[in-house]
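What follows is a set of notes on a single structure, which appears directly below.
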């Protein structure tokens, strides 16, 4: 029963991630993006299994975006964007117990840095046709700012969940 419970929770996280990303597709994809669903990248604070939910949600989002033409990065993002979400999720999990004034701020840093680097590099190659440091830097900063907006929402989400016993029970393993 517990295994079914974990799978169900991860499916719900993946579905929420994908739905929010795709409903907000105009701001979820592109050179300037704020993927609001990235607020969920802080869910690993409540257990490692949540890394799988956000990773699958990211993959579904990138794949649907690729097939609908919304994701300008295409198949590259299905692989590397999803991998970036997985790596950032693992790193956020590793920082789950580190708090600043009671907030999960350290867990919010990996999604910003990893996505800025990986998605910034993807966009750089798309825009410049090859790696160009100036273009990469501009794209990385743009992605990082969008990610910062999303993880601020994620820090608030974590705080709300932690302060509500019922929500916390749902979010933890």
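Residue numbers (this note's numbering): 612 to 784.
Glycine included, every Cβ here is placed at the ideal spot set by N, Cα and C.
Note that the coordinates shown come from a computational prediction; the quantities given were computed from them, not determined experimentally.
Could you check which residue in the options has the C-alpha nearest to that of residue i?
i: residue 694; options: 740, 722 and 653; result: 722
i: residue 797; options: 751, 667, 620 and 652; result: Not covered by the structure: residue 797. The range shown for the chain is 612 to 784.
i: residue 614; options: 719, 660 and 712; result: 660
i: residue 638; options: 767, 728, 734 and 681; result: 681
i: residue 747; options: 758, 757, 703 and 728; result: 728
i: residue 626; options: 640, 641 and 648; result: 648
i: residue 715; options: 766, 658 and 630; result: 766
Under three-state DSSP, which class holds residue i?
i: residue 706; result: coil
i: residue 671; result: helix
i: residue 783; result: coil
i: residue 614; result: helix
i: residue 775; result: coil
Going by DSSP, which residues form a beta bridge with residue i?
i: residue 714; result: 711
Confirm, please, whether the CB-CB distance from residue j to residue i is below 8 Å.
i: residue 774; j: residue 754; result: no
i: residue 667; j: residue 621; result: yes
i: residue 713; j: residue 644; result: no
i: residue 731; j: residue 751; result: yes
Counting only runs of 4+ residues fully inside the region 643-702, write out the alpha helix (DSSP H) ranges in chain order. Look at the region 643-702 and you find these whole runs of alpha helix (DSSP H), each 4 residues long or longer: 660-679.
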